[in-house]
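Here the structure is laid out as structure tokens; the discussion comes afterwards.
2 protein chains.
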Amino acid sequence: MLVDDRKLKILQAVIADYISTAQPIGSRTIAKKYKLGISSATIRNEMSDLEEMGYLEQPHTSAGRVPSERAYRLYVDRLMQIRNLPRKEQEIIIRELGERMDEIESIIRKTARILSQLTRYTSLVINSNLIDCRLRHIHFIQLDSNRLVAVIVTDNGIVKNTIIKTADTVTAEYLESLTRVANDKFGGMTIEELNHCIASEDYKKLAYRYSQLDSLIPMLMEGLSIVGGDDVYADGMSNLFNFPEYSDISKAKSLMEIIEEKEQLMDIIRRIGGKGVVVSIGSEMDNVYMKDCSLVTASCRVGGREIGRIGVIGPTRMEYDRVVAVLEFISGYITGMMDK
Amino acid sequence: MLVDDRKLKILQAVIADYISTAQPIGSRTIAKKYKLGISSATIRNEMSDLEEMGYLEQPHTSAGRVPSERAYRLYVDRLMQIRNLPRKEQEIIIRELGERMDEIESIIRKTARILSQLTRYTSLVINSNLIDCRLRHIHFIQLDSNRLVAVIVTDNGIVKNTIIKTADTVTAEYLESLTRVANDKFGGMTIEELNHCIASEDYKKLAYRYSQLDSLIPMLMEGLSIVGGDDVYADGMSNLFNFPEYSDISKAKSLMEIIEEKEQLMDIIRRIGGKGVVVSIGSEMDNVYMKDCSLVTASCRVGGREIGRIGVIGPTRMEYDRVVAVLEFISGYITGMMDK
DNA sequence: GTTAGCACTCTCCTTTAAGGAGTGCTAACC
DNA sequence: GGTTAGCACTCCTTAAAGGAGAGTGCTAAC
Chain A
1 MLVDDRKLKI LQAVIADYIS TAQPIGSRTI AKKYKLGISS ATIRNEMSDL
51 EEMGYLEQPH TSAGRVPSER AYRLYVDRLM QIRNLPRKEQ EIIIRELGER
101 MDEIESIIRK TARILSQLTR YTSLVINSNL IDCRLRHIHF IQLDSNRLVA
151 VIVTDNGIVK NTIIKTADTV TAEYLESLTR VANDKFGGMT IEELNHCIAS
201 EDYKKLAYRY SQLDSLIPML MEGLSIVGGD DVYADGMSNL FNFPEYSDIS
251 KAKSLMEIIE EKEQLMDIIR RIGGKGVVVS IGSEMDNVYM KDCSLVTASC
301 RVGGREIGRI GVIGPTRMEY DRVVAVLEFI SGYITGMMDK
Chain B
1001 MLVDDRKLKI LQAVIADYIS TAQPIGSRTI AKKYKLGISS ATIRNEMSDL
1051 EEMGYLEQPH TSAGRVPSER AYRLYVDRLM QIRNLPRKEQ EIIIRELGER
1101 MDEIESIIRK TARILSQLTR YTSLVINSNL IDCRLRHIHF IQLDSNRLVA
1151 VIVTDNGIVK NTIIKTADTV TAEYLESLTR VANDKFGGMT IEELNHCIAS
1201 EDYKKLAYRY SQLDSLIPML MEGLSIVGGD DVYADGMSNL FNFPEYSDIS
1251 KAKSLMEIIE EKEQLMDIIR RIGGKGVVVS IGSEMDNVYM KDCSLVTASC
1301 RVGGREIGRI GVIGPTRMEY DRVVAVLEFI SGYITGMMDK
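Protein chains in written order, with the numbering used here: chain A, 1 to 340; chain B, 1001 to 1340.
See below:
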């Protein structure tokens, strides 16, 4: 059977109505609300066809119909109007995120906040695995007699730091020479290369000369592995309760647990990948706990390299058009901010 | 009327039972479960007295009784046994938090995680206003032709960074001299002093010499104000659903909103203050939305200065003894780790 | 002062019934 | 042949009613 124009119109009506009301929708309602020029009986026949084709579902006989995942997919791919973010909301984002590049952590928090506030869904911010970024600079700063701060800057401007305890008092000269040698030796390396380098003979000789390099480098490595480890930050969890889908406590709990556990969520997001905005609907994510959710993510790239993703999670009955617009704008803004 | 020993025993029984079951408890249950050597009728009389004194409440006639806030207060202050954290849990904490001092952000996340996992309540980690900490070191690192990273280290080892765009290409010598001058000039200052200094004539002369200092310092200030701003990080929100108190969606939602909004929560925590572990019960916090919650917080201090607080939020029916033990241990551990 | 007994109260759960929304089918219409 | 009105049927939802159960307060006896 073919999905002709009239069927498409009816489907669109069902989806639009269900997204805004969360109520199964019947033929009579469509006939009344959306003037399609056909009677409820005709609509009934068409809806029956659409159900047969897998676009609509009935919670039970004698309830109205509800869009299936397949319908949402069709909607997202073909029916949805791409819209621009209203000027007002653009301004809010620019104001909140500011124009300066601060610490990653601060950007993450602000982004998650504004994203959940604008969309009214739960927001996610993922900072990606930066395993292939290069060391631009290492700098050691003395804190007190037996503590140093090691500050590591990567080539894409991410700064990480870690405190290192030293065996005995370190002189200013030693520190300076250490900084110089470390930069000479390790600057420009990726984490893998660094790892490799440490195992080499060459490094062992160096470690001998700078007796403290011995314990220093493993510590640095740990610091860098933090750079490498990807993590997800969530905000606007309470937004879940805006949706009757989560008026069932156990549903709300299990979704929140998935989000807080992070492991499974990261798995899903890694699998999704892709440039630009990606919409994942329900079982497409291949995870039992996510089967009633949709996840929309967008990537933030700097110099062709993905440095993070932002996303929104909510019921499959999601205002995809609005969410996509917000994500598109914010990811573009962040990319612009960091790449400039 | 006096709260004699027998009344105390009965009260303790009611509290203990209610904390573990969340069910109003009747006289017969107490007589059976807690062998106090008196009959249910006697207990009934005593409970009637305790109600009159404001320690017990009845959800409705012919329900059992429930401890009042006043009862919890009495329990926390006088009845509760201070217990040590089990060896096993201590080990978990030490293992999870590690022995190294990383970035504040990483410590915050880890702490919040372990705290919510161990207590099974929602955990909070607050990093305090560090308005009075001093600049130890400022360092500028070139990222590319028109961007610098400014790394700021405070005297207590907190590292913040911010990216600064420069008007035109900066030479290595300029950078070095800038670093030297900035350290000479601003090292050792608090944020207020820095603010004050910038307004002075002296600074204006300096800015003239380093033409870029002009836009630089305001940017640095902003970076430092991030250091100064206190913030709260929460984890284990889904734990709220462990408690029948929050099986009512609207209750759960409003508490989660308070936690996510942060403003009101920070207000409450600031008002609480105090060294060591502090228990705040329901209306003691003077906030409508918190009237059915308890909040237990502990301070983490370094060199006599509070650098943050950790806490746990849950229903007034809270396992105070266990929560206090966990908080005491973790706050002690963090303090030790940072102070060493 | 303590205890047993008992009537009374109030909630909670289950059952039952009515109401309502929406469908599918049939037959008539254009 | 597609479209529409009519109608019986299904199934959910909500409200009301009727125990069952738990716990109290009071009284009287110990």
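Quick reminder that beta carbons are idealized off the backbone N, C-alpha and C, glycines included.
Quick test of your reading: residue i and residue j, contact by CB under 8 Å. State the CB separation rounded to the nearest angstrom.
i	j	result
B:Pro1067	B:Ile1015	5 Å
B:Ser1020	B:Ala1031	The Cβ separation is near 18 Å, so there is no contact.
B:Ile1330	B:Leu1295	Actually they do not touch by this definition, with Cβ atoms about 16 Å apart.
B:Val1302	B:Asn1156	5 Å
B:Leu1148	B:Ile1138	At roughly 11 Å, the Cβ-Cβ gap does not stay under 8 Å, so B:Leu1148 and B:Ile1138 are not in contact.
A:Thr316	A:Glu69	6 Å
I need the DSSP call for residue i, collapsed to helix, strand or coil.
i	result
A:Thr166	coil
A:Cys281	A small correction: the amino acid at residue 281 of chain A is Ile; Cys does not occupy that position in the sequence shown. If DSSP states are grouped into helix, strand and coil, A:Ile281 belongs with the strands.
B:Ala1102	For the sequence presented, residue 1102 of chain B should be read as Asp rather than Ala. Coil.
A:Gly236	coil
B:Val1014	helix
A:Gln58	coil
A:Lys35	coil
B:Val1312	strand
B:Ser1123	strand
B:Ser1116	helix
B:Phe1241	helix
A:Ser40	helix
B:Leu1002	coil
A:Asp155	coil
Quick check on residue i - is its C-beta less than 9 Å from some C-beta in chain B?
i	result
A:Ile10	no
A:Leu143	yes
A:Met237	yes
A:Ser247	yes
A:Ala252	yes
A:Arg95	no
A:Gly157	yes
A:Asp102	yes
A:Arg109	yes
A:Glu263	no
A:Val181	no
A:Val125	no
A:Arg120	no
A:Asp202	no
A:Glu173	no
So, using beta-carbon positions, are residue i and residue j closer together than 9 Å?
i	j	result
B:Lys1160	B:Ile1152	yes
A:Gly282	A:Thr297	no
B:Glu1052	B:Ile1010	no
B:Gly1276	B:Glu1328	yes
A:Glu96	A:Ile114	yes
A:Ile334	A:Cys300	yes
B:Cys1197	B:Lys1205	no
B:Ser1123	B:Asp1235	yes
A:Arg134	A:Thr190	yes
A:Ala71	A:Leu85	no
B:Glu1344	A:Thr111	Because chain B here runs from 1001 to 1340, residue 1344 of chain B falls outside it and cannot be looked at.
A:Leu118	A:Ile92	yes
B:Arg1065	B:Ile1025	yes
A:Glu89	A:Val324	no
A:Glu245	A:Lys253	no
Is the shortest distance between the beta-carbon of residue i and the beta-carbons of chain A less than 9 Å?
i	result
B:Met1256	yes
B:Lys1185	no
B:Thr1162	yes
B:Val1153	yes
B:Val1170	no
B:Arg1136	yes
B:Arg1147	yes
B:Glu1176	no
B:Glu1260	yes
B:Asp1230	no
B:Phe1241	yes
Measuring from the CB of residue i, is there a heavy atom of the ligand MN at a distance below 8 Å?
i	result
B:Ile1015	Within the structure as shown, the ligand MN is missing, as the structure has no ligands at all.
Near-chain B residues of the region 284 to 312 of chain A - C-beta to any C-beta below 9 Å: Result list empty, no residue passes.
Positions along the region 61 to 94 of chain A whose CB lies within less than 7 Å of some CB in chain B: Listed by position, the residues of the region 61 to 94 of chain A near chain B (Cβ gap below 7 Å) amount to none.
Positions along the region 1003 to 1027 of chain B whose CB lies within less than 8 Å of some CB in chain A: For the region 1003 to 1027 of chain B, which is checked against every Cβ of chain A, not one residue is closer than 8 Å.
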